[in-house]
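Enquirer:
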Amino acid sequence: MRMSIYEFPNTYQLYVIVELTTENEKTTLDNYLSNTSTLEKKLQNFMKSIDARYWKVAHGVAHFDKELPYTYIEFEVETNYTTYRIELLPSSITLVTNSTPHEAVKVLEQLLEHVLNIEFTSAKSQ
143 MRMSIYEFPN TYQLYVIVEL TTENEKTTLD NYLSNTSTLE KKLQNFMKSI DARYWKVAHG
203 VAHFDKELPY TYIEFEVETN YTTYRIELLP SSITLVTNST PHEAVKVLEQ LLEHVLNIEF
263 TSAKSQ
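Counting from 143, one number per residue, gives the positions in the sequence shown under this note's numbering.
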């Protein structure tokens with residue numbers, strides 16, 4: 143797993159991009175993208191645990207050189223009104239938020255470990 147964090151203070155936007163580097167990580171995520179009902183059940187529990195004020199999820203296909211399964215997740219945390227937008231593709235995860243880098247990585251770690259069953263390694267920030 144490789145993680146990059148890009149912060150744009152003037153726009154209050156933070157981007158976290160996670161590239162899944164092992165076949166096990168990619169296979170695990172691909173299985174969830176293919177089985178959306180299981181993913182949604184796990185997301186529902188995750189949203190309760192982080193006190194999400196609202197959340198949205200959409201599943202579809204991303205068209206690049208080939209068609210890839212794609213899931214979009216958006217939610218807002220009740221306690222501080224921080225918003226998160228997450229895109230799941232078979233080999234990468236992108237998170238866009240108006241939170242701090244520390245909070246973004248914390249939420250991403252919870253998503254990876256408790257929803258996607260992917261062990262969060264201490265990936266170096268690039």
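For glycine and all other residues, C-beta sits at the position ideal for the given N, C-alpha and C.
Which residues in the same chain as P232 place their Cβ atom closer than 7 Å to its Cβ, once the five residues preceding and following it in sequence are excluded?
Expert: The residues are K168, L171, D172, L175, L210 and P211.
Enquirer: Keeping to the same chain, check which residues put their C-beta closer than 8 Å to that of N240; ignore five residues upstream and five downstream.
Expert: Within the same chain, N240 has close Cβ partners Y154, Q155, L156, T224 and T225.
Enquirer: Look up M143 in the DSSP assignment and say whether it is helix, strand or coil.
Expert: Three-state DSSP puts M143 in coil, outside helix and strand.
Enquirer: Considering just the uninterrupted stretch of the alpha helix (DSSP H) at L171, what are its terminal residues?
Expert: Note, L171: alpha helix (DSSP H), E165 to S176.
Enquirer: So the beta strand (DSSP E) P211 belongs to, where does it begin and stop?
Expert: It spans E209 to V219 - the beta strand (DSSP E) in which P211 sits, taken as one unbroken run.
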